[in-house]
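Residue numbers (the working numbering), protein chains in the order written: chain A, 89 to 318; chain B, 145 to 281. Beta carbons: idealized from backbone N, C-alpha and C, even for Gly.
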């Protein structure tokens, strides 16, 4: 069963409350063991691969050697024939046949090493894919586990602090109110700032004798006289 | 990466990196350590940060199952699915009986990235409650 399916089944079964493990600790341990096993397999396969590749290279070198020897003895055989020594030429030919037999054997060995190396490379790749899959699953299960534990820590801290858990709408309303209060304060400060600058402007104007002036006794008297005269 | 180091690094950030918000944080001890981050004037809906093997998880709890108007629950859940992609950086989820928004970050994230995640998550949480309030009691 895939791990996601296990988690799905556990959640569906209601195993979501704090303290109830969605994925039991045993599954985590098994997965971790599988990760370790896969890593060991990869290491072992890589070591084997190194050894086989070394043998493959050794075989290649020997094949080259046999080929060189064959060429060398062929020249000798030609020389012997040139000298008319048929007997020696035959002996050399036998030697060449012997080398060629070994060459064939070595080529077969090399082919078998190559095939083995290919198999090991395939195995490493396959195990690496498997390891990645185990790790993905382990991440899934560990994240689920972490979140569950974190949630339980948060709930515990809440109940320890005796603070009442507010509903979402209450919380939002309080936050909005704080925001409104802040905005109101900002507005009030701006208004106060405006008032202050108005007042100082008026004071300056008054000093310069500009704008509406406070009535003086003489101006009031002038006004009365003007009314009387009318 | 260590959760206490993240807390210290967040303290060092300038106002611009905190996107104008003041962060207050406290460590909640437990089997899994959690950093509770409160943005000033938004203390009621904090952001919780926790580390897993592969990621940094930031979670804000929205509401509990019991707060949902039962007759609207199906529609609410569908709306959450519909809103999941449009909502920047965060996704809806449910942990136990609590609905939540969360964001996951790489363990290689910078402190600025984490701060941005925290502020965005907080914005998203408030927006989500606001737009979904019709479904709540």
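| Check | Outcome |
| --- | --- |
| Can you say whether residue 217(B) is buried or exposed, counting buried as having 16 or more other CB atoms within 10 angstroms of its CB? | exposed |
| Within 8 angstroms (strictly less), CB to CB, does residue 240(B) reach chain A? | yes |
| Would you mind stating whether residue 119(A) and residue 267(A) have Cβ atoms separated by less than 8 angstroms? | no |
| Indicate whether the contact test is met: 3 or more Cβ pairs, each with one atom in the segment 213 to 232 of chain A and one in the segment 117 to 137 of chain A, closer than 8 angstroms. | yes |
| Mind checking the segment 253 to 264 of chain A against chain B and listing, in chain order, the residues whose C-beta falls within less than 7 angstroms of any C-beta there? | 254, 255, 256, 257, 259, 260, 262, 263 |
| Counting only the same chain and skipping the five closest in sequence on each side, list residues whose C-beta sits under 7 angstroms from that of residue 214(A). | none |
| Any beta carbon of chain B sitting closer than 8 angstroms to that of residue 230(A)? | yes |
| Should residue 279(B) be labelled buried (16 or more other beta-carbon atoms within 10 Å of its own) or exposed? | buried |
| What is the C-beta distance between residue 237(A) and residue 174(B), in whole angstroms, given that I count them as a contact (C-beta under 8 angstroms)? | 7 angstroms |
| With respect to the alpha helix (DSSP H) encompassing residue 229(A), which residues constitute its N-terminal and C-terminal limits? | 174 to 248 |
| Does DSSP put residue 106(A) in a helix, a strand or coil? | At residue 106(A) the pLDDT is 49, less than 50, meaning the model places this residue with poor confidence; the figure from the coordinates comes in the next sentence. Residue 106(A): coil per DSSP, three-state reduction. |
| How far does the beta strand (DSSP E) with residue 208(B) in it reach, from first residue to last? | 199 to 208 |
| Would you mind working out which of 188(B), 147(B), 261(B), 223(B) sits nearest residue 162(B), comparing C-alpha positions? | 261(B) |
| Under 6 angstroms Cβ to Cβ from residue 268(B), same chain only, skipping five residues before and after it: list those, please. | 231, 234, 245 |
| Residues of chain A with CB closer than 9 angstroms to the CB of residue 277(B), please, in chain order. | 256, 257, 260 |
| For residue 213(B), collect the residues of the same chain with a Cβ closer than 7 angstroms to its Cβ; drop the 5 residues on either side in sequence, then sort them by chain order. | 279, 280, 281 |
| I'd like to know if residue 242(A) contacts chain B, where contact means its C-beta is closer than 8 angstroms to some C-beta of that chain. | yes |
| Taking 8 angstroms as the cut-off, decide whether the C-beta atoms of residue 156(B) and residue 170(B) are in contact. | no |
| Please work out which residues of its chain come closer than 8 angstroms, Cβ to Cβ, to residue 257(B), disregarding the five sequence neighbours upstream and downstream, and give them in chain order. | 249 |
| Strictly below 7 angstroms CB to CB, what residues from chain A border residue 198(B)? | 227 |
| Based on DSSP bridge pairs, tell me the residues matched to residue 238(B). | 243(B) |
| List, in chain order, every chain B residue whose beta-carbon is nearer than 8 angstroms to that of residue 267(A). | 185 |
| Identify whether residue 90(A) lies in helix, strand or coil by the three-state DSSP scheme. | coil |
| Which bits of chain A does residue 188(B) rub up against, with CB to CB less than 7 angstroms? | 254, 259, 262, 263 |
| Taking residue 282(B) as part of the alpha helix (DSSP H), name the residues at either end of that continuous run. | Since the displayed chain B opens at 145 and closes at 281, residue 282(B) lies outside it and no answer follows. |
| Which same chain residues, not among the five before or five after residue 140(A), have their C-beta less than 7 angstroms away from its C-beta? | 201, 204, 205, 208 |
| Can you check whether the C-beta of residue 106(A) is within less than 8 angstroms of a C-beta belonging to chain B? | The pLDDT assigned to residue 106(A) is 49, lower than 50, so where the model puts this residue is not dependable; a value taken from the coordinates is nonetheless given after this. Yes, residue 106(A) counts as interfacial toward chain B. |
| Of the residues 277(B), 270(B), 276(B), which one's Cα is nearest the Cα of residue 203(B)? | 270(B) |
| Quick one: is residue 239(A) near chain B, going by C-beta distance under 8 angstroms? | yes |
| According to DSSP, simplified to helix, strand and coil, what is residue 250(B)? | strand |
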